[in-house]
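Trainee: Under our numbering, the letters of the sequence shown match residues 1139 to 1598, in that order. Don't be surprised by glycine CBs; every beta carbon is placed ideally from N, CA and C. Fair warning: this is a prediction, and the values are worked out from it, not measured in the lab.
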Amino acid sequence: MPSAGAITPQTESILDKPHFYPIRLVAKPLLWVVAKIRGIFQIIFGYLIRIGVFSFGEWNRSFIKRKIIELYKGGCYDTHDRLSFDPLRLEQAFAILENIGGIRYNTHSKDGTKLDAMIIRYQDVKAKIEEHGGKIVDAVPISINDVRHEGKETLTLCRENHNRPQHHVDMILPDKPGEKWDNFYEKNLLNLGLEKADIELKNGERVDGFILNYWDDKKPLRPKQGQCFVRCNAPTESYPMAKRDIMRRVLGIKNDVLCFDYRGTWKSEGVPSEGGYYLDAETMVEQAANEFGYDWKDIWADGFCLGGGVAMHLKRKYHDKGINVFVQNTFDTMLHTLQCQVFPSNLLAKFGINEIRSRDPYICAKTEQDSFNSVGKLKKLRNKEKQGVSIVYNTDTDTTIDKRSYPHLAAGLDRVSKKTFSVFFNHPNKKKNGHSDDIFSYKNMWKTAVTLITAKDYPE
């Protein structure tokens, strides 16, 4: 046996032979030039990848970045067709959420970065509606006379019918009509994206209201009330832009939503990065549990697109606490998503993908960055006890997300979750990229989602 101090002879390369010295003299500077060119290329392509991945996080950082982002408009990165936005309308959306009971506040991420956040609780919203002369009525029996579509809005003409109802619906109705109610209705409720209703009540009076959710009978099995959805935004989203989706959870199923903007987005400060986004989301989830008092098993990491990737990080970190996951049209890995885009992004993505990671020493020390590799995160949970409920939605016409993502995520979550539900939405418009479409505007899709959320708290 060789001694501990023995030195293994180094293997001699063929290029170390004297007659190869001229080749080495020529090759060394060429390789140096190639390495430098590759490094410059990685920086440039990484710069563009960062803009695509963190669109709203990079928006405020320079005029040049804003112009580059506008070039993406209507393309594969344009989640919800929102790459150009009106600051005035955005602030108006913030105000609407506050007017209906949302509490906006500033908080600080784990590295001290200032974040803009809001907690929207069902009980607070209900109180605001009642304060302004309205009321929420559960399971109203109705028959539908007609349904009219006005752009993205829907108007349902119906009447209260206790004899042979077609549906039972939760509704917002006027309780104390007057100027106060009219102003609240016009300036706030009409701007939430709720389904409008013109209903004839059983006393013959016609009133304007809103349908919040459809049920099969008068005493339906409802989701547990008082759960908290921690909303992880899409890359081209500030949280008030999603008020329609937020209200589905708050008014539709009587749960609460904790919203925040990632660092760099609108009023949130800091530099966007993968690790930074993770720390921001961790901060909010821990606030939900430790400051707002939600049980970990009643917290949902809720994300669309990139937000789904952030939600998967929360699943990885808080799996043992029983956190739940609700993701829609999200990827298995960011690299796969970039590789299924148009040339040259698809071929060159691997050279710049790591530029989305933070280089900040504190962030690097506090969180693991893997370029949004959700499947890799789930593999690290395989030997742990199954915890939480996972819901995965994907769309068949989604050309932004790699086709492998849906089965990979569903299978990975099924191995680590107590219950996993996966839904594949067959979009009626096969010619359109369905990535950004609001699939829950289709009643059967949202009805299915409500059933799956309800299943968390009931036996098989």
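Taking all protein chains shown into account, do 16 or more other C-beta atoms lie within 10 angstroms of the C-beta of residue 1548, making it buried, or fewer, making it exposed?
Mentor: With 16 or more Cβ atoms within 10 Å of its Cβ, residue 1548 is classed as buried.
Trainee: If you count every other CB in all the chains shown that lies within 10 Å of the CB of residue 1505, and 16 or more means buried, which is it?
Mentor: Classification of residue 1505: buried, given that the 10 Å Cβ count is 16 or more.
Trainee: With a threshold of 8 Å, are at least 3 pairs of Cβ atoms found where one atom belongs to the stretch 1365 to 1374 and the other to the stretch 1231 to 1248?
Mentor: Touching, no.
Trainee: Exposed or buried, which one is residue 1589 when buried takes at least 16 other CB atoms within 10 Å?
Mentor: By the neighbour-count rule (16 or more Cβ atoms within 10 Å), residue 1589 is not buried but exposed.
Trainee: How far does the alpha helix (DSSP H) with residue 1530 in it reach, from first residue to last?
Mentor: Here residue 1530 belongs to no alpha helix (DSSP H); instead the beta strand (DSSP E) covers 1527 to 1533.
Trainee: Could you have a look at residue 1553 and say whether DSSP puts it in helix, strand or coil?
Mentor: Reduced to three states, the DSSP call for residue 1553 is coil.
Trainee: Can you list, in chain order, the residues of its chain whose CB lies under 8 Å from that of residue 1213, leaving out five sequence neighbours each side?
Mentor: With a pLDDT of only 48 at residue 1213, under the threshold of 50, the placement of this residue in the model should not be trusted; the figure read from the coordinates follows. Excluding residues within five positions, none has a Cβ falling inside 8 Å.
Trainee: Would you call residue 1511 buried or exposed, if buried means 16 or more other Cβ atoms sit within 10 Å of its Cβ?
Mentor: Buried, by the Cβ-count rule.
Trainee: Just confirm the distance between the C-beta atoms of residue 1442 and residue 1253, as a whole number of angstroms; I'd bet it's less than 8 Å.
Mentor: With a Cβ gap of about 19 Å, residue 1442 and residue 1253 do not count as contacting.
Trainee: I believe residue 1489 touches residue 1179 by the beta-carbon criterion, under 8 Å. Please report the beta-carbon distance rounded to the nearest angstrom.
Mentor: At roughly 6 Å, the Cβ-Cβ gap stays under 8 Å, so residue 1489 and residue 1179 are in contact.
Trainee: Please name the residue, chosen from 1433, 1509, 1595, that lies closest to residue 1475 on a Cα-to-Cα basis.
Mentor: Residue 1475 has its Cα closest to that of 1509, out of 1433, 1509, 1595.
Trainee: In terms of alpha-carbon separation, which member of 1359, 1186, 1353 lies closest to residue 1303?
Mentor: Per the Cα distances, 1353.
Trainee: In the DSSP assignment, what residue or residues form a beta bridge with residue 1243?
Mentor: Answer is 1255.
Trainee: If you compare alpha carbons, which of 1381, 1331, 1560, 1276 is closest to residue 1355?
Mentor: When only C-alpha atoms are compared, the closest one is 1276.
Trainee: Mind checking residue 1377: buried by the 16 CB within 10 Å criterion, or exposed?
Mentor: Counting Cβ neighbours within 10 Å, residue 1377 comes out buried, since at least 16 surround it.
Trainee: Assuming residue 1577 and residue 1381 make a contact with CB atoms under 8 Å, what is their CB distance in whole Å?
Mentor: Between residue 1381 and residue 1577 the Cβ distance is about 17 Å, and since that is not below 8 Å, they are no contact.
Trainee: Who are the Cβ neighbours of residue 1404 in its own chain at under 6 Å, not counting the five residues just before and after it?
Mentor: 1376.
Trainee: Which one of 1316, 1567, 1563, 1349 has the shortest CA to CA distance from residue 1305?
Mentor: Answer by Cα proximity: 1349.
Trainee: Excluding the 5 residues preceding and the 5 following residue 1552 in the sequence, name in chain order all residues of the same chain whose CB lies nearer than 7 Å to its CB.
Mentor: Closer than 7 Å at the Cβ level, and outside the excluded window around residue 1552, lie 1558.
Trainee: Would you call the CB atoms of residue 1453 and residue 1439 closer than 8 Å?
Mentor: Yes, they are a contact pair.
Trainee: What is the DSSP secondary structure of residue 1480, reduced to helix, strand or coil?
Mentor: Coil.
Trainee: My output table needs one value for residue 1312: the three-state DSSP class, helix, strand or coil.
Mentor: Note: residue 1312 maps to strand in three-state DSSP.
Trainee: Report, in whole angstroms, the separation of the C-beta atoms of residue 1298 and residue 1339, which I expect to be a contact under 8 Å.
Mentor: Rounded, the Cβ-Cβ distance is 5 Å, consistent with contact.
Trainee: Around the C-beta of residue 1170, are 16 or more other C-beta atoms found within 10 angstroms, so that it is buried, or is it exposed?
Mentor: Exposed.
Trainee: Report yes if the C-beta distance between residue 1385 and residue 1332 is below 8 Å; otherwise report no.
Mentor: Result yes, Cβ atoms of residue 1385 and residue 1332 sit closer than 8 Å.
Trainee: Please state whether DSSP places residue 1372 in a helix, a strand or coil.
Mentor: Coil.
Trainee: With the cut-off set at 8 Å, would you say residue 1247 and residue 1396 are in Cβ contact?
Mentor: Cβ atoms of residue 1247 and residue 1396: not closer than 8 Å.
Trainee: In whole angstroms, what is the alpha-carbon distance linking residue 1342 and residue 1391?
Mentor: Computed Cα separation, rounded: 29 Å.
Trainee: Taking residue 1470 as the reference, give the member of 1530, 1556, 1394 with the closest Cα.
Mentor: When only C-alpha atoms are compared, the closest one is 1530.
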